[in-house]
Every structure is written in C-alpha cells, then in structure tokens.
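To start, the structure under review is shown below, and the notes come after it.
Numbering (the working numbering), first residue to last: 15 to 82.
See the structure below:
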C-alpha cells in the first residue's frame, strides 16, 4: 500500500492530507482560547498565505475540543 505523495498547493484551499502545511498548533490554540473568552479576532496577511486554511484548522480544533 503506497502513500499519496504530498504536493505544494499554489492556487486554492490547502488540504493537509494532500498538501504540505506549516504546523500552526500554537497559534490555533491561542485563537481558540481567544474565541472562548469572547475576544475579537483579526487575521491580516497578504494573499495566498494560508488565512483560509488557518481558519479551517482552527474551526476543526474548536469543534472537536472537549466542551467540559
């Protein structure tokens, strides 16, 4: 059984299972904590730098987090 080779995505949303992604767990954890505290969030960066991918990963982390 062969693994699918990952590639660099340059034209759209990044799928971490198929594309290379810079790990941002610390930043995602900070974002989730700020959301839980009711804080405001601004994501400001140049185009094609991973803003949407970051939001998708943060949303996944927030929705799978233990709610206790």
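Note that beta-carbon positions come from the ideal geometry of N, C-alpha and C, so glycine has one too.
{"Query": "Strand pairing of residue 33, partner residues [DSSP]", "Result": "21"}
{"Query": "At least 3 beta-carbon pairs within less than 8 Å: the stretch 34-49 vs the stretch 59-76", "Result": "yes"}
{"Query": "Assigned secondary structure, residue 51 (DSSP; H/G/I helix, E/B strand, else coil)", "Result": "coil"}
{"Query": "CB of residue 46 within 8 Å of CB of residue 67, strictly", "Result": "no"}
{"Query": "Neighbour-count burial assignment, residue 28, 16 or more Cβ in a 10 Å radius", "Result": "buried"}
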